[in-house]
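K.L.:
There's a structure below that I have some questions on.
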Amino acid sequence: MIMDQELVLMDNAAVTGASAVNGSEKDIGPIDPGAGEELWLNALVRTTLSGNSVSTLAVVLQDDTATGMASAADHDTLTLPAITAGSRAAMRITPGCNRFIRARAEMDAAPTAGKIDVFITKDAPYHNHKAKNYAVGQ
204 MIMDQELVLM DNAAVTGASA VNGSEKDIGP IDPGAGEELW LNALVRTTLS
254 GNSVSTLAVV LQDDTATGMA SAADHDTLTL PAITAGSRAA MRITPGCNRF
304 IRARAEMDAA PTAGKIDVFI TKDAPYHNHK AKNYAVGQ
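Residue numbers (the working numbering): 204 to 341.
So this is what it looks like as structure tokens:
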């Protein structure tokens, strides 16, 4: 997987002290990241989210037509299956995204510990639906 630094929306970002934390804003230019070839929103829990009975994490891709994200709207939402270190998820970005984007981490409570990565890639390395518990040659 090749990662473009310009498409890293949260890099080992602390998601503590609030039930929602915004990543940095990115200007992706006059392109639609969901049109043409598939692009994927990826999320990875680096450090387990804990404290204040936090139990859910969703990563929201927000977009806006102007810098500053004053009118940011939710474009896509990716819900992670767990909040423990190593949990990963990915989803295809829906076409129709505006020029300015950011990631927003939303939890059901304000964690006292936890860090995540959120980034966009051309492929979905964490999106895997292969069968489990099978024997080779059967």
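Where a beta carbon is used, it is the ideal one built from N, C-alpha and C, also for glycine.
Comparing C-alpha positions only, which one of V211, A221, V248 and D235 sits nearest to T287?
P.N.:
Out of V211, A221, V248 and D235, V248 has the C-alpha closest to the C-alpha of T287.
K.L.:
Starting from the Cα of A276, find the closest Cα among R305, L283 and G239 and give me that residue.
P.N.:
Considering only alpha carbons, the answer is R305.
K.L.:
If distances are taken between C-alpha atoms only, which option among L281, A269 and T251 comes closest to T219?
P.N.:
T219 has its Cα closest to that of T251, out of L281, A269 and T251.
K.L.:
Could you spell out the range, first to last residue, of the beta strand (DSSP E) harbouring G317?
P.N.:
That run of the beta strand (DSSP E) goes A316 to T324.
K.L.:
If we call anything under 8 Å between Cβ atoms a contact, is T315 one with S222?
P.N.:
Cβ distance not < 8 Å, so T315 and S222 don't count as in contact.
K.L.:
Compute the Euclidean distance between the alpha carbons of T268 and R302, then round it to the nearest angstrom.
P.N.:
Taking the straight line from one Cα to the other gives about 6 Å.
K.L.:
When you compare only the Cα positions, how much space is there between A216 and E228?
P.N.:
If I take the Cα positions, the gap works out to 14 Å.
K.L.:
Starting from M294, follow its DSSP beta bridges and name the residues at the other end.
P.N.:
According to DSSP, M294 bridges with L244.
K.L.:
May I have the straight-line CA-CA distance separating G239 from D326, to the nearest angstrom?
P.N.:
Whole-angstrom Cα-Cα distance: 13 Å.
K.L.:
Can you list, in chain order, the residues of its chain whose CB lies under 8 Å from that of P233, leaving out five sequence neighbours each side?
P.N.:
The residues are R302.
K.L.:
From L283, Q265 and G317, pick the residue whose C-alpha is nearest to that of I296; which is it?
P.N.:
Nearest of L283, Q265 and G317 to I296, Cα basis: Q265.
K.L.:
State the beta-bridge partners of D279 as determined by DSSP.
P.N.:
For D279, which the question treats as bridged, DSSP gives the partners L264.
K.L.:
Assign D207 to buried or exposed, taking buried as 16 or more other Cβ atoms, counted over all protein chains shown, within 10 Å of its Cβ.
P.N.:
Exposed is the call here.
K.L.:
Just list the residues that DSSP pairs A308 with in beta bridges.
P.N.:
According to DSSP, A308 bridges with V224 and V262.
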